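Here is the structure we will look at, set down as structure tokens.
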Amino acid sequence: MKVEIVGKNGFTPSDPNKEYALKKLSKLEGLLPDYENLNARVVCKVYRTFHKVEVTIPAKNIILRAEVEDVDIYAAIDGATDKLIRQVRHYNDRVKDKLGKKGIRIADEKPMTERVVRDKNVDLEPMSREEAIDQMELLGHDFFIYLDKETRKTNVIYLRNDGNYAVIETTTK
Numbered sequence: 001m002k003v004e005i006v007g008k009n010g011f012t013p014s015d016p017n018k019e020y021a022l023k024k025l026s027k028l029e030g031l032l033p034d035y036e037n038l039n040a041r042v043v044c045k046v047y048r049t050f051h052k053v054e055v056t057i058p059a060k061n062i063i064l065r066a067e068v069e070d071v072d073i074y075a076a077i078d079g080a081t082d083k084l085i086r087q088v089r090h091y092n093d094r095v096k097d098k099l100g101k102k103g104i105r106i107a108d109e110k111p112m113t114e115r116v117v118r119d120k121n122v123d124l125e126p127m128s129r130e131e132a133i134d135q136m137e138l139l140g141h142d143f144f145i146y147l148d149k150e151t152r153k154t155n156v157i158y159l160r161n162d163g164n165y166a167v168i169e170t171t172t173k
């Protein structure tokens, strides 16, 4: 695997940081087919009280991504690697169980069969962002599609991992 390790927010990863990240990411070798042809990007950031490590590995049918915060950079690297390993195992198990395939595919193979198991129609009602958040929370969902009262555009509001909300606004051509 080709690994690019970069620093942000004034942090420059040292050679021991880079070696440690490479060593930890090598644990994925047995789990990912065509490991040598993958590219990984490791972003190390420093904040006042913690470090953040973000790892992104794009594969053919999945993007593996882990983000971990810890006071120690090495612990953050460990946590990110552990998350990636869990993601790969979960994905491979799911693909094996449902489709009888080998899991994450890097080489050009036939695409996976369609996994859409249900179609659902949504009646869009004009509402504000606050009303959409209320509806989403009442339904117990982590996203909600609605028609914005002011712009009259279809929007998607979703709950982010940090507990905040984000809105995807649509446009037409």
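The sequence shown lines up with residues 1 to 173 when you count with the numbering used here. Built from N, CA and C at the ideal position, the CB exists for glycine as well. Model, not experiment: these values are computed from the prediction.
CA nearest to the CA of residue i, picked from the options
{"i": "R65", "options": "Y74, T49, F50 and Q87", "result": "Q87"}
{"i": "G33", "options": "V3, N92 and A80", "result": "Checking the sequence, you will find Pro at residue 33 rather than Gly. Measuring from the Cα of P33, the nearest candidate turns out to be N92."}
{"i": "V68", "options": "H51, I62 and E131", "result": "H51"}
{"i": "V167", "options": "K173, K149, R152 and I145", "result": "I145"}
{"i": "E36", "options": "V42, S26 and L147", "result": "S26"}
{"i": "T172", "options": "L159, G163 and N155", "result": "N155"}
{"i": "S14", "options": "K45, E29 and K120", "result": "K45"}
{"i": "R48", "options": "F11, I62, D142 and Y165", "result": "F11"}
{"i": "L16", "options": "V55, I62 and I77", "result": "Note on residue identity: the sequence assigns Pro, not Leu, to residue 16. Per the Cα distances, I77."}
Range covered by the beta strand (DSSP E) that runs through residue i
{"i": "K45", "result": "N39 to V46"}
{"i": "A21", "result": "Taken as a continuous stretch (DSSP letters only), A21 belongs to no beta strand (DSSP E), being part of the alpha helix (DSSP H) at D15 to L25."}
{"i": "E4", "result": "K2 to K8"}
Span of the alpha helix (DSSP H) around residue i
{"i": "Y35", "result": "Careful: Y35 lies outside any alpha helix (DSSP H) and carries neither H nor E."}
Distance between beta carbons of residue j and residue i, contact taken as under 8 angstroms
{"i": "L38", "j": "M1", "result": "5 angstroms"}
{"i": "V53", "j": "V3", "result": "Not a contact, Cβ separation roughly 13 angstroms."}
Open item on the list: Quick check on the DSSP output: what are the complete alpha helix (DSSP H) runs of length 4 or more inside the region 115 to 149, in order along the chain?
Closed with: You should have 129 to 139.
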